[in-house]
Structure formats: C-alpha cells, structure tokens
Amino acid sequence: MQNCGLFFTSYNGEKQLFASGFQKVCLGLFMVAMLAAPQVLNLYHVSVLNLMMISVIAAVSLNLLTGVCGQMSLGHGAFVGVGAYVCAALAAKGLPFVFCLLGGGCVAAVVGMFFGIPSLRLKGIYLAISTLAAQLILEYLFLHMDFLTGGANGMAVDSPSLFGFAFNSDTRMFYLIFAVTTLCVLAVSNIVRTRSGRAFVAIRDFYQSAENVGVDLFRFKLQAFATSSFLAGVAGGLWAYYTMYITPEQFSIALSISYLAMIIIGGMGSVLGSILGAVFLTLLPEALNMLTSFIGSYAPDISSMTAPLKEGVFGLTLILFLIFEPEGLVRKWRLIKAYWKLYPFAY
Amino acid sequence: MKRIMMTMALATAMFLATTMVATAALKVGVLSDLTGPTSSVGVPYAQGVKDCIAHVNANGGVNGEQIEIIQVDYAYNVQQALSAYKRFMSEGIVALQGWGTGDTEALVKFVSRDRIPVFSASYSSHLMDPSAAPYNFTVAPDYSTQGRAGLKYIKDSWKEARPPRIAFVYPDKPYGHVPLPAMKEYAVELGFEVTGDEILDLKAMDATPQVLALKQQKPDFVWVGGTTPSTAVLMKDASKQNFGGTFLVNIWGNDENLHQMAGAACEGNLGMQAAAVYGQDVPGMALIRELTKDQPQMTHYIRGFVSTLVMVEGMKMAAANGGVNGESIKNALESMRDFDPMGLAPAISFFSDDHRPNMAVNVCTVKEGKMTFLQTVSLPREAKWLGK
Chain A
1 MQNCGLFFTS YNGEKQLFAS GFQKVCLGLF MVAMLAAPQV LNLYHVSVLN LMMISVIAAV
61 SLNLLTGVCG QMSLGHGAFV GVGAYVCAAL AAKGLPFVFC LLGGGCVAAV VGMFFGIPSL
121 RLKGIYLAIS TLAAQLILEY LFLHMDFLTG GANGMAVDSP SLFGFAFNSD TRMFYLIFAV
181 TTLCVLAVSN IVRTRSGRAF VAIRDFYQSA ENVGVDLFRF KLQAFATSSF LAGVAGGLWA
241 YYTMYITPEQ FSIALSISYL AMIIIGGMGS VLGSILGAVF LTLLPEALNM LTSFIGSYAP
301 DISSMTAPLK EGVFGLTLIL FLIFEPEGLV RKWRLIKAYW KLYPFAY
Chain B
1001 MKRIMMTMAL ATAMFLATTM VATAALKVGV LSDLTGPTSS VGVPYAQGVK DCIAHVNANG
1061 GVNGEQIEII QVDYAYNVQQ ALSAYKRFMS EGIVALQGWG TGDTEALVKF VSRDRIPVFS
1121 ASYSSHLMDP SAAPYNFTVA PDYSTQGRAG LKYIKDSWKE ARPPRIAFVY PDKPYGHVPL
1181 PAMKEYAVEL GFEVTGDEIL DLKAMDATPQ VLALKQQKPD FVWVGGTTPS TAVLMKDASK
1241 QNFGGTFLVN IWGNDENLHQ MAGAACEGNL GMQAAAVYGQ DVPGMALIRE LTKDQPQMTH
1301 YIRGFVSTLV MVEGMKMAAA NGGVNGESIK NALESMRDFD PMGLAPAISF FSDDHRPNMA
1361 VNVCTVKEGK MTFLQTVSLP REAKWLGK
C-alpha cells in the first residue's frame, strides 16, 4: 500500500523497494533502534531477539516457497537441520565462518532441490506429504549418520569468529545474526520483484496459465526450492552457531509446523507477514510463560491449574487468528497504517 | 484500534517486567516441563525440586541464606529452554535444575561458558564426561550404566546352563539409541546372546508387530528403552500374545503409572530406577511423608527431591569454602564423596574428571500393582565406560 499522494514519474521510481522518503526514514530509525537494542536490553531480551531473527530467516524463506510460489512444504525444519549440521561439520574442520554458513546453505539448497523434484507432478496436500517424507528421511539421517552428525549424542559447535573477532556472547551474536537476517530479508524482498519472483507468483496463482505464458514450471519450482532451502540452511547455520550444540531432536516435524504457522499467522506471500509471524510466534510462548509465572507468584494454587492451559491458549490463539484474520498479521498492520493515515477523520 | 494499542502496551509492559531484579538471595533456575510431552513425569519431578527448596529454606537455607527459585515451564521446546536459560541468567542464578535431553544438550556449551552448574534428568553418557560437559551433573548414573546394571542383575539371577537371550526394543530417537552400543557390548561380555532389535515409537498405540517378531526371536529378556505409555502398550500386547520373556525397562519407562496403564501385564517385569520408591524403608522417607502429607508420590518426585538436595549440599560446601557462585558450587560438587541423600538414592560422589554420581542402580518390579524395590546393583567405576 502506497501513501496518499505518492506519484511516480519514472519507472525507476516505481521500482524502488522503499518508494517514499517516510518509509526510508522509518526503516533507518528501526535499524538504529535495533543496533542500539543490545546496549539497553538485558541478556534475556537479547536472546529472545536472536531466536526471533533466526526464525525470521526461516519463515521468510518458507514464505518464498509456500506463500509466493505456492509449493507447500512440511520439511522446512529438516532443511534448517541440514544447514545446521553441514555448518557444524565444516566448522569442526576449522573452516572460516562465512564459508561454513554459505556451505550449510548450499548443501541445504541441493537437498531442497532434490526433494523438490516431485513438485513437478505433485501439488497441494500431495506435495505436503512428499515434503513430510523429506522431513522424516532427513531426521532419520541426522540420527543415524553418526560419522557426520554425531548421531544421538549430537555435535558441539564453537562460537564463530570473523577476522579474528569472536562472536562469543549474546550481544556479539546479535549483531552477526542481525546482519545476516537483514541480508536475507532484503534478498527475498528483491527476489520477489525479479523475473523469477513473478514466475513464482504466476505458478502459485495458476500453473497452467503460467506454463502457457512461457514459464518453465520445473525450472522455477526447483529454483524456489533451492532458494528457500538455501536460506533455511543459513538459518540453521546461525542456529548451530548460536546454540553451540545441535542434536536431531532440534529439527523435528514440530519445527516445520511452527514455521508454517508463522507464515500463516503472519500472512502468506508477504515478506513483512513472515517477519511479523515469526516475531509473534516467538513472543507468544514467552508472554504466556510470563503470564503463568505472574499468576503463580500471586496465587500458587491457581498456577498449577493455569500452567496446563498455556498450550490450549497457544492453540486457541492460532485458531482465532485463522477465523478472524485469515490474511494474517500483515493485514492487521495495513489496517493500522490506514487508520493513522486517515486520523482523525475515520471516513 | 484502542483495544489493539492497549493490548500492545500490556504485552510490552509484561515483556519489560522481566527486567525487574528482585532482592538478593541465592537464585536457582528451574526448567520444567509442566505442559509438554514429558509433563506426566515432569510435573512430579518439578514438585520434588520445589518441595526440597521449601524444606531447605525452612531449615536455615544455605548457611542462613534463602534460596529463591525461578521456574519456567518450557514445554520440552528447545527454543523456549534457551530463552528461559537467558532469563535465568539475566536474573543472576547460581545453579540450574534442568530437565530433558534436548534442552540439557542444547545448553551444554552455554552453561560451561557461563559457569553455571546444571542438574538435569537427562542421563546421556556423554553428559557424565567433564571434558565434554564440565558443568553438567546428575543424581542418576547414565543410561548405559543403568542398562549394564540391569544386565548384571539378570545374569546374576540366571539359573539355567545356556546363555540368556536378550532383545532390544526402543524408539528411533536419541533417547532410545544412546545406551544401545554400551549395553550390547556388555551383554556379549557377560555371555548373553543378543537376538535382535525392534523399533517401537514413543506414541505407539499397538505393538503387535514387535511382539510377533520378538516371539520368533524367543528372547528370555527384552530391554525396553521407551517411556511409560509405550512400555505399557508393549507389555499389554505381549500379554495378549502370550509372550514368555521378561521386560527390563529403562528409567523413564517404569513408574507408578505403569500399572494403571498396563494392568496385570506389567506384574513381575523389571525396571531400573535411581531413587527410592515412595514408602520404601529408607531414613529420608519419614521426611518425604511429612512434606507430602502422606500422599504417595511417583519415584520421579523423589529423584527431583534428591537432585535438589545434592545441589544444595554443593552450595553449602561452596559457602563453607568462601562463597557461593557457579564455579565454587561446581568445585565443591567435584569434591563431594559418598554424600548420602538420606537413603533416598545411592550415595553420591563426583570427581573433577568423572561426573557419574555413582555406579549403583535400583532394580524394581511391580508386585500386586505396586512398584517395589528389589535390589541395588553396583558396578565398578570403570574409566573405560565414562562417556560411553
């Protein structure tokens, strides 16, 4: 949605990612606020931000595949796992951070493309089941390929370092994760605007029409799987570096489902939506935890009853979102913007 | 719109509320699964932890200083465990009572970097090796040691001339796989004949295929590496199929719930435990009865109690040595020798190069619907078994 009175006099002006000066100023302020955040927030809040940003990369990458290209995936958690394990294995060999992170992304991209091959023949729920199989196969490999993954015992990963500077604290990791997240989000925002991105949207909207206008379905579907899995692998690499210990349990089907929930709640097909969804679903359990702790501190007897309700509240929130805001948080955000644009004249 | 703004303001206020720092006390983080997939055992374990802290505080605390617990229910989600740990750290904890395998392993490097001793209920063998996990402690020996002790118990009670036959049933999960190589190696060493493996999911509703395969293998004993629900399914189906072998169940697969789920099918089978059974004739049981107002508790409750008791003893030793912080607690624990948790668990010693609490495992059975203690089996503290 563009601001009122924003007119373009050139194609270049229209093509800009951030078309208005106001948007650029807001983004600049947001970046400054993010850069200052670790200096004013405590360890816990910085950690939540780190986890949130890793989820943002994974959610944005899944949205590129599912929201933009229409290819349902239930194996995204496993692709994140591939990135994490490859990154950890490369780091164990003493390779530099950037190489490990990109290596994790590249191997995840290859794996994603392999499991994306059925997408030429399958779509919708059938593709979902095929990617679910990818999730199960990869989980099996994580557990049984002891020589590569450490098997049931998992793998330890050292903190990353760049040009001799070790990212060995939450604050330092924050800046690293923030930089990578910014690059990933910018990359996806631009991919959506390229020829490939438009082809993805055409495939999502109606694959036969897309084919009729010359879109090579197989090529672009595989491209979507590769790009999405590459970014998932990068998210996995960051997760491995941040947690410093990875085990097969961390990349289960539950992770894939939670990424899917993020893009559904945030808004399918929207980069901003995936960010909002990732932020919302990372914060929701924290907020519910605080609420139950808060109740528990005043009424310990009631807290034993309210604690089990937490999971129910989590599920209920998801259902209510789907009923009352099926287009996700991004629509809510647009409504809020529209409200303030017209304020104080509501109509 | 106003409602949205109000909700956002409330959420922000709650988020920032966690930054509030409370008054000085020895703070201990308690990471619990109260609502997640392991909550049926996580709730009694966490209650044991809380009751022990309340008991210690009521009896002078740690050299007069009270212990304050900060409990977070992380619902067995590693990401939530990480943020809970950071919350504990920002509130200044000196020690942590952890819980499951996933979170304990995910926190291994963090706790060693931050020098926070952790007592968890994850008994993977690699967590017992201080060279890999210097700040990790447990009050139960690792799954491999538990399995070896179970095998030794069987072998010592075996009367026939032929070697006993054993099969392994476990979920295709890290928890199921971790002790397998150690157990199989020790089984061969003791003269068992290993007949094979069967996979049984933790959420299995039916174990007929596994039981039929076991009937073909004809094992005398079956080691079960599942949890109580999957073990109950296996035992019930084994009973239906008239399977004649005896089950030897890992620590999380046998507790007071097993009889409720499996009924008579679990009678006479064997299970490994690391703490006393409620009502067992040990010195500390009078205190447990008093604290629980004579309401029977699961053995996990007692293990949570013991875990906290040992941690508090480490804190007291650290206080006597000068001051209580993560590093001093760890050093104190590593000098702990044969600490007796009132008989509620076998005596506990830690060493700087060996964090196995002991090599003793309680073997239990179900008799007339009640979990019953049979014998404590002790193994030598072999260095070659550390971490394996």
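As you go down the protein sequences, you meet chains A and B in turn. In terms of my numbering, the first sequence opens at residue 1 and continues consecutively. In terms of my numbering, the second sequence opens at residue 1001 and continues consecutively. Note that beta-carbon positions come from the ideal geometry of N, C-alpha and C, so glycine has one too.
Please report how far the alpha carbon of residue i lies from the alpha carbon of residue j, in whole angstroms.
{"i": "B/Gly1268", "j": "B/Met1311", "result": "35 Å"}
{"i": "A/Val110", "j": "A/Ser256", "result": "18 Å"}
{"i": "B/Pro1134", "j": "B/Pro1380", "result": "22 Å"}
{"i": "A/Ser274", "j": "A/Val60", "result": "5 Å"}
{"i": "B/Gly1100", "j": "B/Tyr1175", "result": "10 Å"}
{"i": "A/Ile16", "j": "A/Ile57", "result": "At residue 16 of chain A the sequence reads Gln, which differs from the Ile that was named. C-alpha separation (whole angstroms): 22 Å."}
{"i": "B/Leu1258", "j": "B/Leu1234", "result": "11 Å"}
{"i": "A/Pro356", "j": "B/Val1363", "result": "Here chain A has residues from 1 to 347 only, and residue 356 of chain A is not among them."}
{"i": "B/Lys1384", "j": "A/Gly67", "result": "53 Å"}
{"i": "A/Ala166", "j": "A/Met244", "result": "13 Å"}
{"i": "A/Phe115", "j": "A/Gly269", "result": "21 Å"}
{"i": "B/Ser1131", "j": "B/Lys1367", "result": "42 Å"}
{"i": "A/Phe18", "j": "A/Ile125", "result": "36 Å"}
{"i": "A/Phe228", "j": "A/Val188", "result": "Checking the sequence shown, residue 228 of chain A turns out to be Ser, not Phe. Roughly 9 Å between the two C-alpha positions."}
{"i": "A/Leu231", "j": "B/Phe1168", "result": "40 Å"}
{"i": "B/Glu1382", "j": "A/Leu143", "result": "27 Å"}
Can you find the residues in the same chain that come closer than 8 Å, C-beta to C-beta, to residue i, ignoring five residues on each side of it along the sequence?
{"i": "B/Gly1253", "result": "Val1224, Gly1225, Gly1226, Thr1227, Thr1228, Ser1230, Thr1231, Gly1271"}
{"i": "A/Val185", "result": "Val56, Ile57, Val60, Val271, Ile275"}
{"i": "B/Thr1035", "result": "Asp1073, Ala1075"}
{"i": "B/Ile1070", "result": "Lys1027, Val1028, Gly1029, Val1030, Arg1087, Phe1088, Glu1091, Ile1093"}
{"i": "B/His1055", "result": "Leu1287, Leu1291"}
In the DSSP output, which residue or residues are listed as bridge partners for residue i?
{"i": "B/Arg1165", "result": "B/Glu1193"}
{"i": "B/Lys1370", "result": "B/Lys1367"}
{"i": "B/Trp1223", "result": "B/Phe1168, B/Leu1248"}
{"i": "B/Ile1288", "result": "Its beta-bridge partners do not exist; DSSP assigns none."}
{"i": "A/Ser258", "result": "Per DSSP, none; premise fails for A/Ser258."}
{"i": "B/Gly1271", "result": "B/Val1249, B/Cys1364"}
{"i": "A/Ile275", "result": "Note: A/Ile275 sits in no beta bridge, so no partner."}
Please work out which residues of its chain come closer than 6 Å, Cβ to Cβ, to residue i, disregarding the five sequence neighbours upstream and downstream, and give them in chain order.
{"i": "B/Val1361", "result": "Gln1146, Ala1149, Met1272, Val1377"}
{"i": "B/Asp1338", "result": "Ala1347, Ser1349"}
{"i": "A/Asn168", "result": "Ser159"}
{"i": "B/Gly1314", "result": "Ile1329, Ala1332, Leu1333"}
{"i": "B/Val1021", "result": "Below a pLDDT of 50, predicted positions are generally treated as unreliable, and B/Val1021, at 42, falls in that range; no measurement from the model is reported."}
{"i": "A/Met155", "result": "Ala88, Ile246"}
I need the DSSP call for residue i, collapsed to helix, strand or coil.
{"i": "A/Tyr245", "result": "strand"}
{"i": "B/Leu1202", "result": "coil"}
{"i": "B/Gln1047", "result": "helix"}
{"i": "A/Ser61", "result": "helix"}
{"i": "A/Trp333", "result": "helix"}
{"i": "B/Thr1389", "result": "As displayed, chain B neither begins before 1001 nor continues past 1388, which places residue 1389 of chain B out of reach and without an answer."}
{"i": "B/Ala1360", "result": "strand"}
{"i": "B/Lys1293", "result": "coil"}
{"i": "B/Val1021", "result": "Low local confidence applies: a pLDDT of 42 at B/Val1021 is under 50, so the model's placement there is unreliable, and no value is given."}
{"i": "B/Ser1032", "result": "strand"}
{"i": "B/Val1062", "result": "strand"}
{"i": "A/Ala156", "result": "strand"}
{"i": "B/Ile1079", "result": "Just to set this straight, residue 1079 of chain B is Gln in the shown sequence, not Ile. Helix."}
{"i": "B/Ala1207", "result": "coil"}
{"i": "B/Asp1354", "result": "strand"}
{"i": "B/Ile1348", "result": "strand"}
{"i": "A/Ala19", "result": "coil"}
{"i": "B/Ala955", "result": "For chain B, the structure presents residues 1001 to 1388; residue 955 of chain B sits outside this window and is missing."}
{"i": "B/Phe1339", "result": "strand"}
{"i": "B/Gln1071", "result": "strand"}
{"i": "B/Arg1381", "result": "coil"}
{"i": "B/Val1277", "result": "coil"}
{"i": "A/Ser161", "result": "strand"}
{"i": "B/Asn1136", "result": "strand"}
Tell me which residues share the same chain as residue i and place their Cβ nearer than 7 Å to its Cβ, disregarding the 5 neighbours each side in the sequence.
{"i": "B/Ile1154", "result": "Pro1164, Phe1221, Leu1248"}
{"i": "A/Met53", "result": "Ile177, Phe178, Thr181"}
{"i": "A/Ser196", "result": "Phe220, Gln223"}
{"i": "B/Lys1316", "result": "Val1062, Asn1063"}
{"i": "A/Glu327", "result": "Gly267"}
{"i": "B/Gly1196", "result": "Ala1167, Gln1217"}
So, under 8 Å CB-CB, residue i and residue j are touching, yes? Tell me the CB distance rounded to an integer number of Å.
{"i": "A/Leu138", "j": "A/Val46", "result": "Going by Cβ atoms, the distance from A/Leu138 to A/Val46 rounds to 31 Å, so no, they are not a contact pair."}
{"i": "A/Ala240", "j": "B/His1177", "result": "So it is not a contact: roughly 21 Å between Cβ atoms."}
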